[in-house]
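Peer 1:
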Amino acid sequence: MNRTPDVELVLREYFADDGLTAPDYVLDVVEGRISRQSQRRLWRLPWRLRSMSNNLKLVAGAAAAIFLAVVAWQLLPGRTDGPGDTPSAAPSPTAALSPTAALSPTAALSPAAIPPLPEGTLTPGTYRLRPLESAPSLSLDVTVPAGWIGGPPCCLAGPVGESNGPAGIGLAFLTADDIFSDPCHWNVDGSGPFQPGDIEVGPSVDELAAALAASTAYEATTPTDVTIGGFAGKRVDLELPSGECDTLDGNGVYLVFGGREGYIYAQGDGSHWQTSIVDVDGTRLIAALFSYAGTSAADLSAGQAIVDSLVITP
Amino acid sequence: MDLVRVRVDRLFAIARRILRDVDRAEDALQDALVIAWRDLPDLRDPDRFDFWLQRVLTNMCIEHARRDRRRYAKLEVLNLDDHVARDELAGVVDRDIVDRAFRRLKPDERAVLVLRHYLGYEPTLIAEMLGVSGGTIRSRLHHAHRAMRAAVDADARASAVGGSSA
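Residue numbers (the working numbering), protein chains in the order written: chain A, 3 to 316; chain B, 7 to 172.
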């Protein structure tokens with residue numbers, strides 16, 4: 003006698019393990035391919051969840067370390083199938099990732115010869131950033147000390163802990179037309195990163211500074227006058243909350259600014275954003291210097307010196 | 007690479023189940039692992055490493071399946087395993103019948119069935135993995151189940167007829 007079986011039971015049997023394993027060459031091919039491809043820099047790191055378990059931190063750390071070890075192995079001298087002069091997949095403080103000798107130091111170089119900001123640990127010198135797709139002609143020249151790290155097109159990170167808490171420091175150049183009223187729950191339309199903030203801000207520097215100062219999501223100072231790169235604007239310092247976002251959108255990022263060119267999330271708990279906003283011939287440029295309670299005075303001073311070195315060319 | 011090596015067989019199994027083709031599964035797995043390596047710094051919650059890796063792979067499989075869907079329509083006929091004897095599922099249904107029905111599903115429906123019945127994920131988790139609403143996943147599950155059930159029922163009826171005539 004026949005019967006009609008439960009389709010879910012049929013599917014479970016259909017999908018049942020058959021013992022077939024992946025051929026070894028699958029991973030060999032992957033190793034070869036990743037040796038020729040850049041890994042995204044550990045730049046926009048998360049607002050770390052306090053509930054994260056230590057074991058899983060170790061798992062993630064091990065995953066990153068293993069991947070990086072593979073790349074380092076591929077970079078070993080004498081490997082014939084290494085990446086050659088292709089961009090490194092995993093920047094480390096090595097000469098290979100620094101600007102070439104011909105490009106730095108830059109004290110004697112003409113402005114046109116200033117090298118673009120490379121990815122990885124920098125040799126001291128002046129570098130050029132073009133951080134905004136919406137203003138491709140806008141260039142920013144910054145002079146950095148030893149040990150700082152380039153994260154083109156927008157960013158720099160300090161020598162200790164990069165831009166991450168509890169002791170790092172970072173500098174990012176952004177622009178934004180709006181901000182989020184709730185930086186913990188910004189994924190309002192469910193589309194993920196780069197969506198606009200729910201607080202639309204007028205086009206002027208003063209309006210953005212006022213909007214930041216008015217936010218109740220973080221502590222903000224009253225806007226004060228500032229000049230960076232020869233352009234006058236406003237400075238607002240933000241003290242982001244520490245560990246208050248238990249449920250964050252987008253896998254745990256804390257976003258202040260909306261839009262693609264404002265997308266940089268808090269690099270750690272309780273960070274301090276020294277936010278300078280200037281109008282560069284119609285482009286509202288934001289320079290955000292991130293630091294933490296554990297950031298050393300020397301690194302703070304170096305970060306401020308980089309901001310002070312800024313030369314803006316519209 | 008050890009962290010990936012211990013997971014690769016499971017990932018390969020997922021890819022094979024969605025794509026129903028070993029070569030395509032290898033290609034999709036390789037592409038997914040390269041993407042995962044590239045995007046690893048964006049993994050913001052290490053608690054979800056496996057889920058994140060499976061999401062990368064699943065989306066890659068769907069992309070591969072969509073890209074080659076026309077070719078798969080031919081493979082559906084040409085690439086079936088050669089079963090001399092009837093290989094039955096649940097003691098009743100011919101595996102080839104199920105296989106044909108499964109291959110006729112849209113790539114995202116196949117993925118949903120694999121995530122639900124191979125990995126055992128709840129619709130809400132599948133929705134998160136595929137970046138769509140829970141309602142969409144339930145709808146895809148409903149449609150895929152209905153299509154599979156139609157094939158199963160047809161085979162059961164055919165078997166009943168064949169059995170009575172034997």
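From the three backbone atoms N, C-alpha and C, an ideal C-beta is built for every residue, glycine too.
Can you name the start and end residues of the alpha helix (DSSP H) that residue 274 of chain A belongs to?
Peer 2: Segment 274-282 is the beta strand (DSSP E) holding residue 274 of chain A; no alpha helix (DSSP H) there.
Peer 1: Using Cβ-Cβ distances below 7 Å, what residues of the region 31-53 of chain B are close to chain A?
Peer 2: Listed in sequence order: 32, 35, 36, 39, 40, 43, 44, 45, 46, 47, 48, 49, 50, 51, 52, 53.
Peer 1: Give the secondary structure of residue 64 of chain B by DSSP, where H, G and I count as helix, E and B as strand, and everything else as coil.
Peer 2: Residue 64 of chain B: helix per DSSP, three-state reduction.
Peer 1: Less than 7 Å between the C-beta atoms of residue 236 of chain A and residue 207 of chain A, yes or no?
Peer 2: Closer than 7 Å, so yes.
Peer 1: Kindly indicate which residue of A/128, A/140, A/141, A/293 has the alpha-carbon position closest to the one of residue 147 of chain A.
Peer 2: Ranking the options by Cα distance to residue 147 of chain A, first place goes to A/128.
Peer 1: Relative to the C-alpha of residue 189 of chain A, which residue among A/304, A/143, A/200 is closest?
Peer 2: Residue A/200 is the option with its Cα nearest to residue 189 of chain A.
Peer 1: I need the DSSP call for residue 101 of chain A, collapsed to helix, strand or coil.
Peer 2: In this prediction, residue 101 of chain A has a pLDDT of 35, which is less than 50 and means its spatial position is unreliable; nothing more can be read from the coordinates.
Peer 1: Can you name, in chain order, every residue of its own chain whose Cβ lies under 6 Å from the Cβ of residue 250 of chain A, other than the five neighbours on each side?
Peer 2: With a pLDDT of only 46 at residue 250 of chain A, under 50, the local geometry of the prediction cannot be trusted, and no value is derived from it.
Peer 1: Examine chain A for any beta-carbon lying closer than 7 Å to the beta-carbon of residue 15 of chain B, and answer yes or no.
Peer 2: Taking Cβ atoms only, chain A reaches closer than 7 Å to residue 15 of chain B, which makes this a yes.
Peer 1: Would you say residue 20 of chain A and residue 160 of chain A are within 7 Å of each other, going by their C-beta atoms?
Peer 2: No, these two residues do not count as a Cβ contact at 7 Å.
Peer 1: Going by C-alpha to C-alpha distance, which of A/303, A/294, A/11, A/315 sits closest to residue 154 of chain B?
Peer 2: With distances taken between Cα atoms, residue 154 of chain B lies closest to A/11.
Peer 1: I'd like to check one pair, residue 238 of chain A with residue 223 of chain A: are the Cβ atoms closer than 7 Å?
Peer 2: Going by C-beta atoms, residue 223 of chain A is nearer than 7 Å to residue 238 of chain A.
Peer 1: Examine chain C for any beta-carbon lying closer than 7 Å to the beta-carbon of residue 196 of chain A, and answer yes or no.
Peer 2: As a matter of chain content, chain C is missing from the structure shown, whose protein chains are A and B.
Peer 1: Quick one: which chain A residues come within Cβ less than 7 Å of residue 124 of chain B?
Peer 2: Going along chain A in sequence order, the residues near residue 124 of chain B (Cβ under 7 Å) are 17.
Peer 1: Following the continuous alpha helix (DSSP H) through residue 237 of chain A, name the residue where it begins and the one where it ends.
Peer 2: Unbroken run through residue 237 of chain A is the beta strand (DSSP E), 233-241; no alpha helix (DSSP H).
Peer 1: Quick check on DSSP: helix, strand or coil for residue 165 of chain A?
Peer 2: Three-state DSSP puts residue 165 of chain A in coil, outside helix and strand.
Peer 1: If you count every other CB in all the chains shown that lies within 10 Å of the CB of residue 168 of chain A, and 16 or more means buried, which is it?
Peer 2: Exposed: under 16 other Cβ atoms inside 10 Å.
Peer 1: Measuring only between beta-carbons, confirm whether residue 203 of chain A sits less than 7 Å from chain B.
Peer 2: By this cut-off, residue 203 of chain A is not an interface position.
Peer 1: From residue 133 of chain B to residue 29 of chain B, what does the alpha carbon distance come to, in whole angstroms?
Peer 2: One C-alpha to the other measures close to 27 Å.
Peer 1: If you draw a straight line from the alpha carbon of residue 117 of chain A to that of residue 113 of chain B, how long is it in whole angstroms?
Peer 2: Distance between the alpha carbons of residue 117 of chain A and residue 113 of chain B is about 47 Å.
Peer 1: Mind pulling the chain A residues with CB within less than 9 Å of residue 19 of chain B?
Peer 2: Chain A residues near residue 19 of chain B: 17, 19, 20, 22, 23, 24.
Peer 1: Can you confirm whether residue 149 of chain B, when its beta carbon is compared against all beta carbons of chain A, has any partner nearer than 7 Å?
Peer 2: By this cut-off, residue 149 of chain B is not an interface position.
Peer 1: Where does residue 28 of chain B fall in DSSP's three states?
Peer 2: It is helical.
Peer 1: Could you tell me whether any Cβ in chain A is nearer than 7 Å to the Cβ of residue 155 of chain B?
Peer 2: Yes, residue 155 of chain B counts as interfacial toward chain A.
Peer 1: Examine chain B for any beta-carbon lying closer than 7 Å to the beta-carbon of residue 36 of chain A, and answer yes or no.
Peer 2: Yes, residue 36 of chain A counts as interfacial toward chain B.
Peer 1: Which residues in chain B have a C-beta closer than 7 Å to the C-beta of residue 32 of chain A? List them in chain order.
Peer 2: In chain order: 36, 39, 40.
Peer 1: Enumerate in chain order the residues of its own chain whose CB-to-CB distance from residue 85 of chain B is below 6 Å, with the five nearest sequence positions on each side excluded.
Peer 2: Its pLDDT being 42, under 50, residue 85 of chain B is placed unreliably by the model, and the measurement read from it follows with that caveat. Cβ within range, chain order: n/a, list empty.
Peer 1: Let me check one thing: in DSSP terms, what residues is residue 186 of chain A bridge-paired to?
Peer 2: None, per the DSSP bridge assignment.
Peer 1: Can you pull the DSSP bridge partners for residue 118 of chain A?
Peer 2: Residue 118 of chain A pairs with A/130.
Peer 1: Classify residue 267 of chain A as helix, strand or coil using the three-state DSSP reduction.
Peer 2: Here residue 267 of chain A sits in strand by DSSP.
Peer 1: In the DSSP assignment, the beta strand (DSSP E) including residue 286 of chain A goes from what residue to what residue?
Peer 2: Residue 286 of chain A -> beta strand (DSSP E) spans 285-293.
Peer 1: Taking just the CA atoms, how far does residue 212 of chain A sit from residue 36 of chain B?
Peer 2: Cα to Cα, residue 36 of chain B sits roughly 49 Å from residue 212 of chain A.
Peer 1: Under the three-state reduction of DSSP, which class applies to residue 298 of chain A: helix, strand or coil?
Peer 2: In the structure shown, residue 298 of chain A sits in coil (DSSP, three-state: anything other than H, G, I, E or B).
Peer 1: Candidates A/233, A/215, A/286: which alpha carbon is nearest residue 310 of chain A's?
Peer 2: Considering only alpha carbons, the answer is A/233.
Peer 1: Using a Cβ-Cβ distance cut-off of 7 Å, determine whether residue 309 of chain A contacts chain B.
Peer 2: With 7 Å as the cut-off, residue 309 of chain A does not count as an interface residue toward chain B.
Peer 1: So which of A/290, A/272, A/279 has the shortest CA-CA distance to residue 266 of chain A?
Peer 2: Closest by alpha carbon: A/290.
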